[in-house]
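Peer 1: Please see the structure below; I have some questions.
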DNA sequence: TTAATTCCATAGTGACTGATATGAAACTAA
DNA sequence: TTAGTTTCATATCAGTCACTATGGAATTAA
């Protein structure tokens with residue numbers, strides 16, 4: 001069952017990926033439609049018919065970014081302890097933020113770190129995703145406390161906050177030129193703050 | 001000795017502070033000249049005569065931000081150990097990023113987290129300041145290792161990187177709505193990763 | 001008072017912003 | 001073939017961007 005009308009002359013998925021990389025490099029508001037159409041290899045009207053507008057295109061790029069690596073999500077879900085899950089997430093972030101095939105740092109951390117009042121809704125959309133992920137890790141830590149895998153006086157909130165601060169901070173360091181192995185060492189050092197049962 | 005010509009009709013320092021707060025809230029490229037003139041209470045030609053252009057005004061705002069708190073710099077210089085200095089810096093950052101009288105987060109971390117190619121020089125100016133501060137902490141840790149205040153196998157780089165990742169990351173968390181006491185707990189948790197001599 | 005200097009207010013500059021109107025081109029359905 | 005539908009290429013929209021030309025206003029120096 002083909003759709004009626006003239007077919008798209010470009011690969012929508014590939015164009016979306018190019019848009020994601022452009023936002024990743026240059027930010028949400030600081031990426032222009034011309035930047036996007038150039039990178040995507042299409043004209044402005046094609047962009048608007050295929051993706052709605054700049055905001056919807058960005059949100060779609062964010063979703064592509066978040067769900068790009070189902071393996072990592074799976075591994076985290078199957079990790080035996082919250083510490084293992086946190087380590088997987090930090091290590092994955094260190095790799096991702098310094099990957100040669102993508103811009104340095106984290107798309108979510110960089111692209112909406114600041115902006116005018118016009119893009120407050122976009123900023124809070126991204127913030128909600130981060131807060132959800134942070135809450136998930138916190139609940140995961142709570143489970144380990146219940147299972148007595150962690151001391152009863154463990155502060156799940158402080159631990160989850162710490163992990164996410166480190167991840168977001170690594171994005172800045174990666175943009176400042178810090179290399180992958182340095183970020184991995186940073187993560188290993190950080191894990192020494194993880195409480196142990198004695 | 002008064003300067004010849006018509007005098008300035010506004011307080012240059014107060015106007016600069018207003019500009020700093022506006023950049024802090026909205027970012028470098030995503031703050032318009034109109035945003036600035038409105039906040040500063042002056043007209044565009046006055047801004048350009050007094051500060052040069054947008055880029056110079058921003059750099060001046062960054063310097064005001066960095067050197068605003070000489071007390072903290074002094075306390076850090078006089079701290080007995082690198083750990084104390086790191087703690088002072090982290091605690092000060094947690095306070096600053098959640099101060100009710102200023103926008104949330106860190107001006108340096110937020111305002112140039114991303115941007116178009118046109119502002120690459122501004123981004124790297126800020127990155128250089130961060131890298132200098134990180135190197136300073138690293139050297140401070142090296143001194144403690146020499147004085148045998150820290151184990152000989154301490155990784156000064158990993159420790160300094162960790163502290164700065166946490167600080168930059170706290171800026172994102174503060175923007176996401178995390179409160180001051182949570183950030184302080186986060187810092188305390190992080191310090192447990194600091195090596196001890198036994 | 002006059003000249004020189006500097007700043008302010010108004011009103012704009014060209015270039016770029018996100019987004020679209022228009023009509024031709026390419027496809028499906030009847 | 002014809003009608004209906006969707007996309008494409010061109011050209012362009014009003015609005016905003018950083019920035020400034022112009023002339024009057026306010027000051028110091030001579």
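Protein chains in written order, with UniProt numbering: chain A, 1 to 198; chain B, 1 to 198. Think of the CB as a built atom: it goes at the ideal place given N, C-alpha and C, for glycine as much as any other residue.
Tell me which residue opens and which closes the alpha helix (DSSP H) that residue 8 (chain A) is part of.
Peer 2: First-last for residue 8 (chain A): undefined, no H or E at that position.
Peer 1: Just the C-alpha distance for residue 169 (chain A) and residue 17 (chain B), rounded to the nearest angstrom, thanks.
Peer 2: Straight-line Cα distance between these residues: approximately 26 Å.
Peer 1: From what residue to what residue does the alpha helix (DSSP H) around residue 70 (chain A) run?
Peer 2: Counting along the chain, the alpha helix (DSSP H) containing residue 70 (chain A) begins and ends at 70-78.
Peer 1: Straight-line CA distance for residue 193 (chain B) to residue 163 (chain A)?
Peer 2: Taking the straight line from one Cα to the other gives about 12 Å.
Peer 1: Going along chain B, which residues have a C-beta under 9 Å from residue 120 (chain A)?
Peer 2: Within chain B, no residue comes near residue 120 (chain A); the closest Cβ sits about 10 Å away, beyond 9 Å.
Peer 1: Hey, residue 189 (chain B) and residue 158 (chain A) are a contact pair by Cβ (cut 8 Å); roughly how many whole angstroms apart?
Peer 2: Indeed, because the Cβ distance is near 4 Å, the residues count as touching under 8 Å.
Peer 1: Quick one: give me the first and last residue of the alpha helix (DSSP H) that residue 28 (chain B) is part of.
Peer 2: Run containing residue 28 (chain B): none; DSSP gives neither H nor E here.
Peer 1: How would you write the range of the alpha helix (DSSP H) that residue 60 (chain A) sits in, first residue to last?
Peer 2: Segment 54-66, the alpha helix (DSSP H) holding residue 60 (chain A).
Peer 1: Say whether the segment 35-44 of chain A touches the segment 93-103 of chain A, bearing in mind that this needs 3 or more beta-carbon pairs closer than 8 Å, one atom from each stretch.
Peer 2: Segments in contact, no.
Peer 1: At least one CB of chain A closer than 8 Å to the CB of residue 157 (chain B): is that the case?
Peer 2: Residue 157 (chain B) counts as touching chain A.
Peer 1: Is the Cβ of residue 192 (chain B) closer than 8 Å to any Cβ of chain A?
Peer 2: Yes, contact with chain A.
Peer 1: Got a sec: is the Cβ-Cβ distance from residue 127 (chain A) to anything in chain B below 8 Å?
Peer 2: It does: the Cβ of residue 127 (chain A) has a partner Cβ on chain B nearer than 8 Å.
Peer 1: Who are the Cβ neighbours of residue 126 (chain A) in its own chain at under 6 Å, not counting the five residues just before and after it?
Peer 2: Excluding sequence neighbours, residue 126 (chain A) sits near 108 and 112.
Peer 1: Is it true that the segment 65-74 of chain B meets the segment 142-162 of chain B, where meeting means three or more beta-carbon pairs spaced less than 8 Å apart?
Peer 2: The segment 65-74 of chain B is not in contact with the segment 142-162 of chain B.
Peer 1: Report the rounded CA-to-CA distance for residue 122 (chain B) versus residue 56 (chain B), giving the unit in angstroms.
Peer 2: For residue 122 (chain B) and residue 56 (chain B), the distance between alpha carbons rounds to 9 Å.
Peer 1: Strictly under 8 Å for the Cβ-Cβ distance: is residue 72 (chain B) near chain A by that measure?
Peer 2: So, not an interface residue.
Peer 1: Could you check which residue in A:65, A:59, A:175 and A:129 has the C-alpha nearest to that of residue 110 (chain B)?
Peer 2: The candidate whose alpha carbon is nearest that of residue 110 (chain B) is A:175.
Peer 1: Name the chain A residues whose beta carbon is nearer than 9 Å to that of residue 52 (chain B)?
Peer 2: In chain order: nothing, as chain A lies at least about 22 Å away.
Peer 1: Looking only at its own chain, which residues have a Cβ that is under 6 Å from the Cβ of residue 10 (chain A), when we skip the five neighbours before and after it?
Peer 2: Once the five neighbours on either side are set aside, the close Cβ partners of residue 10 (chain A) are 42.
Peer 1: Look at residue 28 (chain A) and residue 119 (chain A) and say whether their C-beta atoms are less than 8 Å apart.
Peer 2: Yes, they are a contact pair.
Peer 1: So for residue 100 (chain A), helix, strand or coil by DSSP?
Peer 2: In the structure shown, residue 100 (chain A) sits in coil (DSSP, three-state: anything other than H, G, I, E or B).
Peer 1: Please name the residue in B:105, B:93 and B:50 whose C-alpha comes closest to that of residue 184 (chain B).
Peer 2: Among B:105, B:93 and B:50, the Cα nearest to that of residue 184 (chain B) is on B:93.
Peer 1: Drop a sphere of 10 angstroms on the beta-carbon of residue 33 (chain A), count the other beta-carbons inside from all chains shown, and report buried for 16 or more, exposed for fewer.
Peer 2: Result: exposed.
Peer 1: According to DSSP, is residue 176 (chain A) helix, strand or coil?
Peer 2: Of the three classes helix, strand and coil, the one that applies to residue 176 (chain A) here is coil, per DSSP.
Peer 1: How far does the alpha helix (DSSP H) with residue 45 (chain B) in it reach, from first residue to last?
Peer 2: It spans 44-51 - the alpha helix (DSSP H) in which residue 45 (chain B) sits, taken as one unbroken run.
Peer 1: Would you check if the distance between the CB atom of residue 64 (chain B) and the CB atom of residue 133 (chain B) is smaller than 8 Å?
Peer 2: Not a contact, by the Cβ cut-off of 8 Å.
Peer 1: Is the CB of residue 109 (chain A) under 8 Å away from at least one CB in chain B?
Peer 2: Judged by the 8 Å Cβ criterion, residue 109 (chain A) is in contact with chain B.
Peer 1: Are the C-beta atoms of residue 186 (chain A) and some chain B residue less than 8 Å apart?
Peer 2: Yes, residue 186 (chain A) lies at the interface with chain B (some Cβ there is under 8 Å from its Cβ).
Peer 1: DSSP three-state label for residue 37 (chain B), please.
Peer 2: Here residue 37 (chain B) sits in helix by DSSP.
Peer 1: Is the beta carbon of residue 66 (chain B) sitting closer than 8 Å to the one on residue 129 (chain B)?
Peer 2: Against a cut-off of 8 Å, the Cβ pair of residue 129 (chain B) and residue 66 (chain B) comes out as a contact.
Peer 1: Just reading off the alpha helix (DSSP H) that residue 199 (chain B) is part of, what are its end residues?
Peer 2: Within the shown structure, residues of chain B are numbered from 1 to 198, placing residue 199 (chain B) beyond reach of any answer.
Peer 1: Which of helix, strand or coil does DSSP assign to residue 181 (chain A)?
Peer 2: In the structure shown, residue 181 (chain A) sits in a helix (DSSP, three-state: H, G or I).
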